[in-house]
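First up is the structure itself, then whatever we jot down about it.
There are 2 protein chains.
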Amino acid sequence: MSTPAGDQKVVRLYPPSYDIRVETTAIPQIEHPDDAIVKIKLAGLCGSDLHTYRGTESVTTHFICGHEFVGHVVALGASFHAGVTGRPTLYSTLQIGDKVVSPFTVSCGECHFCRIGFTSRCEESRLFGTAVTAGGQAQYVRVPRAGGTLYRLSDISAGAAGQEHLGKEAIAKLADSSLLLLCDILPTGVFAAFQALNHPKTLPMTTSLPYPLSSSATNVASDISALHAQDTVVTVAVVGLGPVGLCACVSLIEMLVSRGLQFRVVAIDPTESRRAKMAAIYSKISDKQDQFAVATIEEGKAIVKKWTNGIGCNAVLEVVGNNSALALSYELVRPFGCINSVGVHGEPQVPYKGRELYDKNVSMDFGRCPVRAMFPMALDILLKRQDVFGAVGGDASLVEKIVSIDEAKESYDLFDKGKCGKVLFDPWV
Amino acid sequence: MSTPAGDQKVVRLYPPSYDIRVETTAIPQIEHPDDAIVKIKLAGLCGSDLHTYRGTESVTTHFICGHEFVGHVVALGASFHAGVTGRPTLYSTLQIGDKVVSPFTVSCGECHFCRIGFTSRCEESRLFGTAVTAGGQAQYVRVPRAGGTLYRLSDISAGAAGQEHLGKEAIAKLADSSLLLLCDILPTGVFAAFQALNHPKTLPMTTSLPYPLSSSATNVASDISALHAQDTVVTVAVVGLGPVGLCACVSLIEMLVSRGLQFRVVAIDPTESRRAKMAAIYSKISDKQDQFAVATIEEGKAIVKKWTNGIGCNAVLEVVGNNSALALSYELVRPFGCINSVGVHGEPQVPYKGRELYDKNVSMDFGRCPVRAMFPMALDILLKRQDVFGAVGGDASLVEKIVSIDEAKESYDLFDKGKCGKVLFDPWV
Ligand SMILES: NC(=O)c1ccc[n+]([C@@H]2O[C@H](COP(=O)([O-])OP(=O)(O)OC[C@H]3O[C@@H](n4cnc5c(N)ncnc54)[C@H](O)[C@@H]3O)[C@@H](O)[C@H]2O)c1
Ligand SMILES: NC(=O)c1ccc[n+]([C@@H]2O[C@H](COP(=O)([O-])OP(=O)(O)OC[C@H]3O[C@@H](n4cnc5c(N)ncnc54)[C@H](O)[C@@H]3O)[C@@H](O)[C@H]2O)c1
Ligand SMILES: [Zn+2]
Ligand SMILES: [Zn+2]
Ligand SMILES: [Zn+2]
Ligand SMILES: [Zn+2]
Chain B
7 MSTPAGDQKV
17 VRLYPPSYDI
27 RVETTAIPQI
37 EHPDDAIVKI
47 KLAGLCGSDL
57 HTYRGTESVT
67 THFICGHEFV
77 GHVVALGASF
87 HAGVTGRPTL
97 YSTLQIGDKV
107 VSPFTVSCGE
117 CHFCRIGFTS
127 RCEESRLFGT
137 AVTAGGQAQY
147 VRVPRAGGTL
157 YRLSDISAGA
167 AGQEHLGKEA
177 IAKLADSSLL
187 LLCDILPTGV
197 FAAFQALNHP
207 KTLPMTTSLP
217 YPLSSSATNV
227 ASDISALHAQ
237 DTVVTVAVVG
247 LGPVGLCACV
257 SLIEMLVSRG
267 LQFRVVAIDP
277 TESRRAKMAA
287 IYSKISDKQD
297 QFAVATIEEG
307 KAIVKKWTNG
317 IGCNAVLEVV
327 GNNSALALSY
337 ELVRPFGCIN
347 SVGVHGEPQV
357 PYKGRELYDK
367 NVSMDFGRCP
377 VRAMFPMALD
387 ILLKRQDVFG
397 AVGGDASLVE
407 KIVSIDEAKE
417 SYDLFDKGKC
427 GKVLFDPWV
Chain P
7 MSTPAGDQKV
17 VRLYPPSYDI
27 RVETTAIPQI
37 EHPDDAIVKI
47 KLAGLCGSDL
57 HTYRGTESVT
67 THFICGHEFV
77 GHVVALGASF
87 HAGVTGRPTL
97 YSTLQIGDKV
107 VSPFTVSCGE
117 CHFCRIGFTS
127 RCEESRLFGT
137 AVTAGGQAQY
147 VRVPRAGGTL
157 YRLSDISAGA
167 AGQEHLGKEA
177 IAKLADSSLL
187 LLCDILPTGV
197 FAAFQALNHP
207 KTLPMTTSLP
217 YPLSSSATNV
227 ASDISALHAQ
237 DTVVTVAVVG
247 LGPVGLCACV
257 SLIEMLVSRG
267 LQFRVVAIDP
277 TESRRAKMAA
287 IYSKISDKQD
297 QFAVATIEEG
307 KAIVKKWTNG
317 IGCNAVLEVV
327 GNNSALALSY
337 ELVRPFGCIN
347 SVGVHGEPQV
357 PYKGRELYDK
367 NVSMDFGRCP
377 VRAMFPMALD
387 ILLKRQDVFG
397 AVGGDASLVE
407 KIVSIDEAKE
417 SYDLFDKGKC
427 GKVLFDPWV
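Here the protein sequences come in this chain order: B and P.
According to the working numbering, the first sequence is numbered sequentially starting from 7.
According to the working numbering, the second sequence is numbered sequentially starting from 7.
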């Protein structure tokens with residue numbers, strides 16, 4: 007394989023909004039020694055694409071859309087196999103022909119943020135599918151800092167101790183439509199759930215130790231009395247059941263069950279079709295009805311009240327991206343609880359008075375998922391839950407259908423209007 | 007000892023504001039079986055008293071002020087020594103004559119929040135020095151839920167393994183003016199510092215492990231490259247150098263040094279006298295000039311920029327309680343950093359746009375210190391840093407002077423105008 011010269015098909019958004027065109031343009035070529043060119047097998051259409059589609063990001067120039075793609079490497083820059091040591095491993099090992107997935111942002115793998123795992127705030131961070139960095143709804147894409155950014159599927163989980171049954175062979179069997187979930191929505195859901203369960207405000211419940219012992223091994227004794235069994239029930243609300251919220255919910259339940267924790271999870275969305283999909287997915291992963299509920303906003307509030315005697319949730323995963331969801335999250339969270347927000351928020355001030363946050367001892371996490379760092383954990387969950395993440399179409403799948411890239415315009419339109427679920431583009435049919 | 011009948015001297019605030027009167031009123035008596043009556047040795051005047059003094063809390067009735075007090079038990083309700091098992095230890099062991107300190111809020115020791123260590127949101131939480139619960143600027147105070155609320159100084163640290171040199175004898179030598187710091191300002195400072203150093207966003211620096219490994223032992227391997235030495239420098243800003251900010255700063259440095267962490271701390275306050283005190287205190291605890299700086303707001307911004315190549319602090323301790331301090335905290339914090347706010351905030355919405363929080367991956371903690379749970383850690387730091395916390399008067403002390411309770415009106419006035427530092431009232435001279 008090599009990068010052909012010539013033209014390719016791409017999906018472009020024209021300013022100011024709603025103007026999607028499938029066009030022909032030159033195939034990208036290596037521009038920097040750290041670049042790779044990836045030939046795309048499948049590209050995702052995602053809720054985050056709608057921010058620009060709707061014009062809320064004030065786009066001023068057209069660009070190639072898409073930040074979710076899986077494919078094969080067809081060309082590598084001069085940095086690869088140059089024999090330089092101390093760089094991310096892929097600079098010495100990535101081969102033309104390797105199958106890769108990419109996080110939705112570029113990360114160099116070499117700056118402070120990348121080293122400490124906060125890869126989505128890499129000093130060279132760039133978002134695919136913007137005017138700055140051409141996206142993956144195309145036949146080919148140029149990946150900057152490819153040795154830091156890409157995951158090679160053939161070796162990522164090789165080192166996972168105790169996970170051999172989930173190793174190379176299992177990965178080799180994964181459908182491209184399933185792998186594509188690793189680019190964004192599944193790791194983002196995993197991130198939200200992981201933040202909630204590892205937050206200092208949740209640790210007393212997950213460790214059975216009172217605060218501050220729960221946060222830190224210390225030689226200073228605590229004189230606080232012991233926890234009761236009912237103290238350690240972890241109650242979580244997931245607010246928003248789009249594709250990311252569904253991933254968050256499944257990941258959260260998977261983590262709670264695999265750690266043997268007692269829990270109650272309520273999944274909240276005002277849209278009926280979203281709730282129906284959540285219910286269908288839950289019925290695939292469990293038949294226990296007492297620890298999980300799907301609810302409208304009003305039902306959700308009532309369920310939390312009932313489950314917790316009015317004190318609220320330990321954690322609320324906010325997976326929507328607007329102020330009504332943030333306000334609801336505050337209402338649902340208990341004193342000393344945490345709001346873990348992965349929604350992309352806009353210009354308004356967050357709807358919290360300082361006094362309210364003080365009075366409830368609220369903790370909050372905001373921001374973009376460090377997909378590159380969450381990848382091993384997300385891959386693990388992807389493999390364990392192929393019953394959910396392996397399906398295309400049907401009641402209980404995250405991916406509704408795979409269509410030709412030629413149908414991009416109609417797909418954006420339907421997706422924007424909530425008339426279809428997650429769509430993947432095949433750029434070769 | 008027993009509760010005398012008759013009258014006592016108290017400090018009262020009359021609505022709507024600024025109206026402090028020293029008056030004579032009946033000595034409180036046991037009203038509920040769980041009550042204790044404490045004869046007060048010293049009571050503190052605190053920055054938090056100024057919120058009500060200035061009328062920002064819309065007070066409608068007069069009440070006895072003060073939420074910081076140390077004294078001796080002179081009467082106990084029927085619950086004590088009643089032989090009931092399963093209650094907090096003090097219900098069986100507290101004796102008349104025991105020396106005690108009290109957190110600034112009542113905590114029952116028996117509800118879910120108390121059991122898990124989040125004592126300041128006890129289901130029966132009440133703040134001393136309000137219309138609901140008479141305060142400690144008096145000769146006697148009634149302590150509700152006393153078996154859950156009070157600390158008995160003679161036995162608290164007995165169980166602290168490895169801390170024998172800081173045990174009973176050392177505690178017995180502590181001055182009342184030093185013990186009084188345990189009621190509020192020292193544990194609140196410890197809480198702010200502890201939250202910062204144990205926040206998931208700080209753990210990569212303190213554990214030398216990349217996120218998400220830093221947060222959780224997991225059998226899912228990480229393929230992120232190793233941390234460099236310079237990645238693990240913990241950079242913190244303390245915003246606000248009132249008594250609580252000073253305690254936060256000293257506690258933070260004590261924790262960083264005792265854990266052998268590399269760090270840089272900048273202590274920021276616009277008021278010169280506050281900065282001067284901070285500098286005098288620091289010169290008592292260290293002679294290293296490269297890892298600590300005292301700064302005005304503008305100097306603070308410049309120092310953080312220089313220290314961190316423009317990326318900002320890992321953590322910002324907000325110890326002020328207004329929106330300008332919250333806005334400054336956002337400016338100072340780095341992507342994937344945390345803002346640990348202990349300031350008491352008012353009605354305005356916090357000055358953060360959703361987009362800003364997303365774009366920097368900001369985490370935040372707000373709220374009231376669970377003093378009862380932080381007590382062992384605060385006592386440990388109090389004992390270790392008697393050079394700072396043992397002093398009364400002088401450049402480098404937290405307590406400026408001890409005055410007769412008769413001087414309450416003038417003291418409130420001077421304290422409110424920033425013309426004096428922390429004052430303690432002796433109700434018996
Ligand atoms: N942090 C990250 O790294 C990251 C990554 C991917 C997506 N995102 C963001 O996550 C959010 C969710 O993504 P998605 O693709 O699932 O979005 P989506 O728009 O498909 O789903 C959002 C869901 O929220 C529901 N909703 C709206 N208001 C609500 C409310 N007040 N309470 C409860 N539910 C409400 C809607 O009915 C909808 O089902 C978006 O903001 C997206 O941009 C963030
Ligand atoms: N969370 C809790 O449990 C708890 C406990 C005690 C006190 N508090 C609160 O903590 C805060 C501090 O208490 P204190 O007694 O030290 O207060 P204080 O008023 O004595 O000190 C506040 C300091 O902040 C400084 N300041 C004002 N604006 C600033 C800015 N923009 N940047 C930097 N510094 C600024 C002032 O100059 C002052 O020195 C108050 O809000 C108090 O009510 C909270
Ligand atoms: Zn996406
Ligand atoms: Zn980087
Ligand atoms: Zn106080
Ligand atoms: Zn309680």
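We treat Cβ as the ideally placed atom computed from N, Cα and C, and that holds for glycine.
Everything numeric in this text was worked out from a predicted model, so none of it was measured.
Contact annotation: B:Gly318 and B:Thr241 have beta-carbon atoms nearer than 9 Å. Under DSSP, P:Ser410 forms a beta bridge with P:Asp432. Interface residue (Cβ-Cβ distance to chain B less than 9 Å): P:Met284 is not classified as such. Placement of the Cβ of P:Gly53 at a distance of less than 8 Å from at least one heavy atom of ligand 2 is found.
Contact between the stretch 180 to 190 of chain P and the stretch 199 to 209 of chain B is absent: fewer than three C-beta pairs spanning the two stretches fall below 8 Å. Distance between P:Ala232 and B:His118, taken at the CA atoms: about 10 Å. DSSP, reduced to helix, strand and coil, places P:Pro341 within a strand of the structure shown. In the structure shown, B:Asn346 adopts extended strand secondary structure according to DSSP, grouped into three states. Of all residues in the stretch 357 to 378 of chain P, only Pro357, Tyr358, Lys359, Gly360, Arg361, Leu363, Tyr364, Asp365, Lys366, Asn367, Val368, Ser369, Met370, Asp371, Phe372, Gly373, Arg374, Pro376 and Arg378 come within less than 8 Å of chain B when Cβ atoms are compared, listed by chain position. The beta carbons of P:Leu332 and P:Tyr358 sit closer together than 9 Å. By the criterion of a C-beta distance shorter than 6 Å, P:Gly248 is surrounded in its chain by Gly53, once the five residues flanking it on both sides are discounted. For P:Val271, the enclosing beta strand (DSSP E) stretches over residues Phe269 to Ile274. For chain P, the residues of the stretch 232 to 252 of chain B that bring a beta carbon within less than 7 Å of one of its beta carbons are Leu233, His234 and Asp237, in chain order. In this structure, B:Ala235 keeps its C-beta atom at 9 Å or more from the C-beta atom of B:Ala273. When only Cα atoms are considered, B:Gln145 and B:Glu175 end up about 27 Å apart. Residue range Asp13 to Tyr20 is occupied by the beta strand (DSSP E) that includes P:Tyr20. For B:Phe372, there is no enclosing beta strand (DSSP E), as DSSP gives it neither H nor E. Within the stretch 264 to 282 of chain P, no residue has its Cβ closer than 9 Å to any Cβ of chain B. Under the DSSP definition of a beta bridge, P:Lys45 partners with P:His78 and P:Tyr146. Put simply, of B:Leu252, B:Arg270 and B:Leu267 the residue whose alpha carbon is nearest the alpha carbon of B:Ala286 is B:Leu252. Interface with chain B (9 Å Cβ-Cβ cutoff): P:Gln201 is included. Not a single C-beta of chain P is nearer than 9 Å to the C-beta of B:Leu180. Proximity of the stretch 347 to 354 of chain B to the stretch 349 to 364 of chain P meets the contact definition, three or more beta-carbon pairs being nearer than 8 Å. Taking all protein chains shown into account, B:Arg27 has fewer than 16 neighbouring C-beta atoms within 10 Å of its C-beta and is therefore exposed. Chain-order list of chain B residues neighbouring P:Gln355: Gln355, Val356, Pro357, Tyr358, Lys359 and Gly360, by C-beta distance under 9 Å. Using a Cβ-Cβ distance cut-off of 8 Å, the stretch 8 to 21 of chain B and the stretch 121 to 128 of chain B are not in contact, since fewer than three pairs of beta carbons, one from each stretch, lie closer than that value. In this structure, B:Thr111 sits near B:Val377, with a CB-CB distance shorter than 9 Å. Residue-level contact check: P:Tyr20 does not touch chain B, since none of the beta carbons of chain B fall below 9 Å from its beta carbon. B:Leu385 is positioned such that its CB atom lies no closer than 9 Å to that of B:Val405. Between ligand 1 and B:Val271, a heavy atom-to-CB distance of less than 8 Å is absent.
For P:Pro216, the neighbours in chain B by C-beta distance under 7 Å run, in chain order, Arg121, Ile122, Gly123 and Ala379.
Inside the stretch 279 to 305 of chain P, DSSP marks whole beta strand (DSSP E) runs of 3 or more residues at positions 298 to 301, from first to last along the chain.
Judged by DSSP in its simplified three-state form, P:Glu63 adopts coil rather than helix or strand.
Among the residues facing chain P, B:Pro109 is not included, as its CB has no counterpart in that chain under 9 Å away. The alpha-carbon of P:Ile46 is positioned some 28 Å away from that of P:Val90. In this structure, DSSP gives P:Lys359 an extended state, which the three-state scheme calls strand.
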